[in-house]
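Inspection log for the structure reproduced underneath, given as structure tokens.
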Amino acid sequence: MTGTTKVRRVGAAKPPTRASKLLQNRWAGIAGLLIALLAPFVNASGYALSVMTSAAIFVMLAAGLNIVVGYCGLLDLGYVAFFAVGAYTSGVLSTRLDLPLLVTVPAVIVVTVIAGIIIGAPTLRLRSDYLAIVTLGFGEIIRITANNLDVTGGPSGIYGIPHLTDSPVVFYYVTVVIVSLAVLGAARLGRSRLGRAWRFVREDEDAAEAMGVHTYRVKLAAYIAGAVWGGLAGVLFAAQLSAISPTSFTFLQSALVLMAVVLGGMGSIPGVVIGAVVISILPEILRDLADYRFFIFGVLLIAVMILRPQGLWPSRSKEVS
Amino acid sequence: MTQLVWNGLFVGSFYALVALGYSMVYGIIKLLNFAHGDLYMLGAFVGFAILGAVGGVSSSMALPLLLVVLLATMVLTGLAGVALERIAYRPLRRAPRLSLLITAVGASFALEYGMRAAAGADPRVYPVRLGGTSVEVLGARLTLQQLVLVGVAVVLMIGLNLLITRTREGRAMRAIALDPRTSSLMGIDVNAVISRTFFLGSALAGAAGVMAGAYYGKIDFLMGFLIGLKAFTAAVIGGIGNIPGTMLGGLLLGLLESFGTFWLGGEWRDVFAFGVLILFLTVRPTGLLGERVTERV
Numbered sequence: 001m002t003g004t005t006k007v008r009r010v011g012a013a014k015p016p017t018r019a020s021k022l023l024q025n026r027w028a029g030i031a032g033l034l035i036a037l038l039a040p041f042v043n044a045s046g047y048a049l050s051v052m053t054s055a056a057i058f059v060m061l062a063a064g065l066n067i068v069v070g071y072c073g074l075l076d077l078g079y080v081a082f083f084a085v086g087a088y089t090s091g092v093l094s095t096r097l098d099l100p101l102l103v104t105v106p107a108v109i110v111v112t113v114i115a116g117i118i119i120g121a122p123t124l125r126l127r128s129d130y131l132a133i134v135t136l137g138f139g140e141i142i143r144i145t146a147n148n149l150d151v152t153g154g155p156s157g158i159y160g161i162p163h164l165t166d167s168p169v170v171f172y173y174v175t176v177v178i179v180s181l182a183v184l185g186a187a188r189l190g191r192s193r194l195g196r197a198w199r200f201v202r203e204d205e206d207a208a209e210a211m212g213v214h215t216y217r218v219k220l221a222a223y224i225a226g227a228v229w230g231g232l233a234g235v236l237f238a239a240q241l242s243a244i245s246p247t248s249f250t251f252l253q254s255a256l257v258l259m260a261v262v263l264g265g266m267g268s269i270p271g272v273v274i275g276a277v278v279i280s281i282l283p284e285i286l287r288d289l290a291d292y293r294f295f296i297f298g299v300l301l302i303a304v305m306i307l308r309p310q311g312l313w314p315s316r317s318k319e320v321s
Numbered sequence: 322m323t324q325l326v327w328n329g330l331f332v333g334s335f336y337a338l339v340a341l342g343y344s345m346v347y348g349i350i351k352l353l354n355f356a357h358g359d360l361y362m363l364g365a366f367v368g369f370a371i372l373g374a375v376g377g378v379s380s381s382m383a384l385p386l387l388l389v390v391l392l393a394t395m396v397l398t399g400l401a402g403v404a405l406e407r408i409a410y411r412p413l414r415r416a417p418r419l420s421l422l423i424t425a426v427g428a429s430f431a432l433e434y435g436m437r438a439a440a441g442a443d444p445r446v447y448p449v450r451l452g453g454t455s456v457e458v459l460g461a462r463l464t465l466q467q468l469v470l471v472g473v474a475v476v477l478m479i480g481l482n483l484l485i486t487r488t489r490e491g492r493a494m495r496a497i498a499l500d501p502r503t504s505s506l507m508g509i510d511v512n513a514v515i516s517r518t519f520f521l522g523s524a525l526a527g528a529a530g531v532m533a534g535a536y537y538g539k540i541d542f543l544m545g546f547l548i549g550l551k552a553f554t555a556a557v558i559g560g561i562g563n564i565p566g567t568m569l570g571g572l573l574l575g576l577l578e579s580f581g582t583f584w585l586g587g588e589w590r591d592v593f594a595f596g597v598l599i600l601f602l603t604v605r606p607t608g609l610l611g612e613r614v615t616e617r618v
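Taken in sequence, the protein lines are chains Y and P. For the first sequence, the numbering used here gives the first residue as 1, with consecutive numbering after it. For the second sequence, the numbering used here gives the first residue as 322, with consecutive numbering after it.
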């Protein structure tokens with residue numbers, strides 16, 4: 001591991017400050033959940049609820065991408081494709097076959113796993129940068145296919161997807177609970193045996209292979225896990241808007257999720273959650289800067305990578321380094 | 322049939338020009354420069370700005386003027402590429418590959434939306450338009466302008482190949498591609514050569530941008546995204562890092578797309594191209610002319 005990066009070593013060797021100890025506290029997660037649960041009591045207007053629900057769904061996306069990028073170190077630039085696959089699968093099944101949304105969930109899981117294998121299986125054997133660009137192409141393929149097929153409603157998409165509940169407040173709470181479970185699940189996965197293997201692959205793939213980690217299988221597992229998280233977030237998205245169209249699934253979306261993961265700190269669950277909330281709510285606050293928003297995002301990505309590659313809220317490994 | 326072949330070769334020569342920059346940079350520092358397609362977009366806008374500054378021209382002078390603008394744009398886009406490397410990539414040259422890739426995505430974003438902030442979101446119409454007389458060759462209809470554009474592309478590609486295989490500079494580039502540290506021990510100024518590589522690659526992308534602007538007539542700030550992807554596909558088909566392979570890959574992708582569009586319909590063109598990419602990576606990831614690269618530990 002010598003000769004990797006100077007910057008990262010400096011960040012990791014720093015003794016924990018009081019602030020970072022506070023952030024490391026296990027109560028941080030519960031505090032975050034409490035804030036999310038109490039937020040509707042502060043402002044329960046329809047607009048505020050829809051912004052908060054979108055933010056929660058975005059958190060789930062970021063948690064899923066964090067498995068792929070943060071834990072396993074694979075760059076997925078078409079992550080929104082799985083989001084789209086999930087949303088469209090549940091949308092098509094629920095509108096064409098008149099199924100309730102919950103019943104479509106198993107189908108969504110199966111379809112996203114298959115999609116993950118189709119893209120992951122050929123590319124994960126190759127150098128990691130190929131994966132980045134193939135996923136980028138895959139994101140475009142999914143969007144264009146949805147745009148062209150009749151069953152997905154073409155450019156106008158699918159509408160009339162049944163809601164999970166009629167009340168937006170109840171739906172917000174349902175979303176928060178599901179997203180919390182998803183975030184918790186991702187965190188547990190990261191601490192499991194598989195999660196250790198992922199981080200080993202990220203740090204040094206050859207060493208991991210030499211130590212008996214089946215790197216290909218482990219990477220595929222990360223990719224599929226990310227796909228399922230994205231697909232389930234897609235179901236929530238379809239349920240929230242009750243209408244989906246190809247314009248919701250552009251490269252811009254993938255880049256924003258990546259931005260959230262990188263900004264918060266790759267591999268750090270609290271960091272990623274904060275990053276996702278910031279990225280999804282900031283545009284609502286900074287409406288005047290809309291023209292410069294993505295420009296600033298781009299510059300910020302470069303700046304974070306050069307100045308603070310571990311992100312704003314890095315994960316501190318519990319293992320001896 | 323010949324029309325399809327000609328269309329394919331024409332589009333393919335654009336892909337090849339853009340893909341060369343991708344391939345050169347990848348060959349030397351193993352970086353996928355996602356912002357490369359956006360340098361193509363930058364070239365189109367720089368050419369647009371210069372043409373706007375020059376003012377109105379008679380149509381008889383359009384072609385020579387365009388060649389001058391082409392050269393100026395190549396220099397400016399090349400410098401932009403050098404600046405990009407200096408600011409965004411050089412500080413991270415020893416960082417993990419993931420950081421570099423993310424930085425490249427950030428650079429692509431910054432270029433796209435910086436241009437949007439500077440020039441607006443609406444497409445711009447190129448002041449000089451190459452249309453005109455067409456000739457019939459073997460049943461294919463091709464215009465003089467298309468011939469000139471393909472000619473310029475071929476001249477640039479041959480020039481680049483000579484530069485890389487026959488000159489001192491090219492030898493230095495190939496040496497760095499093999500082993501940067503040893504090259505620097507042998508007295509090669511690695512940073513300077515990488516800068517010049519970026520200059521060349523970006524200049525070629527800028528040239529393709531101006532040519533596309535003059536031919537299609539419309540430019541916008543996202544025009545580089547798709548062609549960046551296509552150029553990468555072309556580079557992979559031919560063998561990334563391999564210069565003749567990349568040219569071949571560009572032409573081949575153009576042909577494949579041309580026939581794919583004919584069989585499947587235009588709305589599936591991009592899906593077809595990326596499908597070919599995924600297929601190629603599955604069957605022959607090193608490309609047609611690429612050699613097997615083993616990752617050093």
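Glycine included, each C-beta is placed from N, C-alpha and C at the ideal position.
Annotation: V69(Y) is outside any alpha helix (DSSP H) and is labelled neither H nor E by DSSP. In the DSSP assignment, Y292(Y) falls within the unbroken alpha helix (DSSP H) covering A290 to L307. For G139(Y), the enclosing alpha helix (DSSP H) covers residues S128 to N148. Here G64(Y) has G226, W229 and G230 as same chain residues with Cβ atoms under 6 Å from its own Cβ, once five neighbours each way along the sequence are excluded.
At a C-beta separation below 9 Å, I141(Y) has these neighbours in chain P: D591, V592, F595, G596 and I599.
Straight through space, the alpha carbons of L325(P) and I269(Y) are spaced by roughly 52 Å. Cβ-Cβ distances below 6 Å link Y159(Y) to A243 in the same chain, with the five nearest sequence neighbours on each side left out; the list follows chain order. DSSP places Y336(P) inside the alpha helix (DSSP H), whose first and last residues are T323 to I350. Burial state of H214(Y) is exposed, judged by a 10 Å Cβ sphere holding fewer than 16 other Cβ atoms. Scanning its chain for C-beta atoms nearer than 8 Å, with the 5 sequence neighbours on each side dropped, one finds around I371(P) the residues V390, A393 and T394, in chain order. Membership of Q466(P) in the alpha helix (DSSP H) is indicated by the continuous run L465 to R487. Separation of S90(Y) and L421(P) (C-alpha to C-alpha, rounded to the nearest whole angstrom) is 36 Å.
DSSP links Y434(P) through a beta bridge to no other residue. With distances taken between CA atoms, F335(P) lies nearest to L569(P) out of L598(P), L569(P) and F593(P). Residue pairing of A243(Y) in beta bridges, as defined by DSSP: Y159(Y). Remark: C-beta atoms of S280(Y) and S45(Y) do not approach each other more closely than 8 Å.
Unbroken alpha helix (DSSP H) runs of no fewer than 4 residues, entirely contained in the region 576 to 614 of chain P, are found at 590 to 604, following chain order. R287(Y) carries a helical assignment under DSSP once its states are collapsed to helix, strand and coil. Just so you know, the alpha carbons of S156(Y) and G70(Y) end up roughly 35 Å apart. Around the CB of S167(Y), fewer than 16 other CB atoms lie within 10 Å, so the residue is classed as exposed.
Between the alpha carbons of L93(Y) and V170(Y) lies a distance of about 24 Å. At least one beta carbon of chain P lies nearer than 8 Å to the beta carbon of N148(Y). Assignment of beta strand (DSSP E) within the region 508 to 575 of chain P, counting only whole runs of 3 or more residues, yields no such run. Excluding the 5 residues flanking it on each side, G522(P) has same chain C-beta neighbours closer than 6 Å at G342, M345 and V346, in chain order. Residues of the region 283 to 300 of chain Y that bring their beta carbon within less than 9 Å of a beta carbon in chain P comprise D291, Y292, R293, F294, F295, I296, F297, G298, V299 and L300, in sequence order.
Pairing L574(P) with K551(P) gives a Cβ-Cβ distance under 8 Å. Here G549(P) is near G358(P), since their CB atoms are less than 8 Å apart.
In the assembly as shown, A36(Y) is a buried residue. Its beta-carbon has 16 or more other beta-carbons within 10 Å. Going by beta carbons, I67(Y) and A276(Y) fall outside the 8 Å limit. Taking the beta carbon of A409(P) as reference, the chain Y residues within 7 Å of it are I302, listed in sequence order. Using a Cβ-Cβ cut-off of 9 Å, F366(P) is close to nothing in chain Y; its nearest Cβ partner there is about 15 Å away. Contact with chain P is found for T123(Y), since one of that chain's Cβ atoms lies less than 8 Å from the residue's Cβ. Listed as beta-bridge partners of R217(Y) by DSSP are no residues whatsoever. For A416(P), there is no enclosing alpha helix (DSSP H), as DSSP marks it with neither H nor E.
Residue contact check for S128(Y) against chain P: a CB pair falls below 8 Å. For L312(Y) and I302(Y), the gap between their C-alpha atoms comes out near 14 Å.
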